[in-house]
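Counting from 1 along the sequence shown, just add 1065 to a position and that's the residue number in the working numbering.
Step one of this worksheet: look at the structure below.
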Amino acid sequence: MKTKLRVTLITDENEKFYGPGVQDLLAGIGRYGSVKEACAAMGLSYSKGRRILKHAEAVLGYLLVVRQQGGAAGGSAHLTPEAEDFMKRYQHLTDTVSEYALQQLHLFFP
1066 MKTKLRVTLI
1076 TDENEKFYGP
1086 GVQDLLAGIG
1096 RYGSVKEACA
1106 AMGLSYSKGR
1116 RILKHAEAVL
1126 GYLLVVRQQG
1136 GAAGGSAHLT
1146 PEAEDFMKRY
1156 QHLTDTVSEY
1166 ALQQLHLFFP
């Protein structure tokens, strides 16, 4: 038996701003160097991906992605150091919560 948890960060006003989807989007931007390609890989529209990023950045108060507008050569995007740090801390939180939940599962359902 296992547990499956989803850690979503919310504001004090109960507004979602960061979870597995945003984490995956940022990871994709890091991998592809493009917001558009990261969105496409997730099956997410580019406009929705931009909205999600803009909202998370507004709540956090800093940029997560630096974008270079395209043109004939195409644009690019890369993660800020703050984004990379936030992603690591979010992953650590998720891993810690999952580990704790599994320990508790074995206590409640031996």
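Even glycine gets a Cβ: it sits at the ideal position worked out from N, Cα and C.
For K1069, there is no enclosing beta strand (DSSP E), as DSSP marks it with neither H nor E. Around the Cβ of L1090, a 10 Å sphere holds 16 or more other Cβ atoms; the residue is buried. In the three-state reduction of the DSSP assignment, L1125 falls in the helix class. Looking only at Q1088, R1115, M1066, the smallest Cα-Cα distance to K1153 is reached by Q1088. Counting only runs of 4 or more residues that sit fully inside the segment 1073–1111, the alpha helix (DSSP H) segments are 1085–1097, 1100–1107, in chain order. Bridge pairing for Q1133: S1141 [DSSP].
Setting aside the 5 residues that flank it on each side, K1081 is surrounded in the same chain by T1073, I1075, each with a C-beta closer than 7 Å to its C-beta; the list follows chain order. The C-alpha of E1149 is placed about 18 Å away from the C-alpha of C1104.
Per DSSP, reduced to three states, the secondary structure at P1175 is coil, with no helix or strand assignment.
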